[in-house]
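Chemist:
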Amino acid sequence: MDSSQLLKGVLDLAVLAVLDERDGYGYDVVRRLREAGLDEVGDASVYGTLRRLFKAGALTSYVVASDEGPHRKYYGLNDTGRRLYADSAKTWASFSATMAALLKEERP
């Protein structure tokens with residue numbers, strides 16, 4: 001099975017989960033997702049997801065000066081984002097439990 005297709009379906013939830021821990025800038029979010037085991041996540045996909053979630057009103061953003069280069073745009077969850085994260089996490093938990101039950105069934 002192509003895991004990239006699965007990743008597309010859960011990238012919003014994964015990004016929200018990372019930002020629920022603490023705010024982050026684009027590449028920081030990518031790095032944290034990869035450290036969590038989502039090795040195939042693409043930079044452009046994460047940056048696009050951050051922009052889309054921001055436009056949807058789920059994220060706040062602010063700029064922080066960096067000693068290592070240009071200023072960084074940080075993203076964080078707002079109340080809408082926290083509700084979206086909670087709802088999406090419940091949906092994922094239900095879906096993954098259903099899939100786990102299906103996969104445990106013996107097939108002839």
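Residues in the sequence shown are numbered consecutively from 1, following the UniProt record's numbering. Beta carbons are placed, not taken as given, at the ideal position from N, Cα and C, and that holds for glycine.
Using the DSSP secondary-structure output, state which residues sit across from residue 60 in a beta bridge.
Modeler: Note: residue 60 sits in a beta bridge opposite 76.
Chemist: For residue 36, is the classification buried or exposed, using 16 other Cβ atoms within 10 angstroms of its Cβ as the cut-off for buried?
Modeler: The residue is exposed, with fewer than 16 neighbouring Cβ atoms inside 10 Å.
Chemist: For residue 24, which residues does DSSP report across the bridge?
Modeler: According to DSSP, residue 24 bridges with 75.
Chemist: Can you tell me the Cβ-Cβ gap for residue 74 and residue 24, rounded? I've got them flagged as a contact below 8 Å.
Modeler: Yes, they are in contact, since the Cβ atoms of residue 74 and residue 24 sit about 6 Å apart, within 8 Å.
Chemist: Would you mind working out which of 16, 92, 93, 4 sits nearest residue 49, comparing C-alpha positions?
Modeler: The option with the nearest alpha carbon to residue 49 is 16.
Chemist: Of all the options 58, 90, 6, which has the alpha carbon lying nearest to the alpha carbon of residue 39?
Modeler: The candidate whose alpha carbon is nearest that of residue 39 is 6.
Chemist: Could you spell out where the alpha helix (DSSP H) holding residue 53 opens and where it closes?
Modeler: Where residue 53 is concerned, the enclosing alpha helix (DSSP H) stretches over 43-55.
Chemist: Please return the same chain residues whose Cβ sits closer than 6 Å to the Cβ of residue 91, not counting the five positions on each side in sequence.
Modeler: Result list for residue 91: empty, nothing under 6 Å.
Chemist: Please classify residue 65: does DSSP put it in a helix, a strand, or coil?
Modeler: Three-state result, residue 65: coil.
Chemist: Which residue from 45, 80, 69 puts its Cα closest to that of residue 57?
Modeler: The candidate whose alpha carbon is nearest that of residue 57 is 80.
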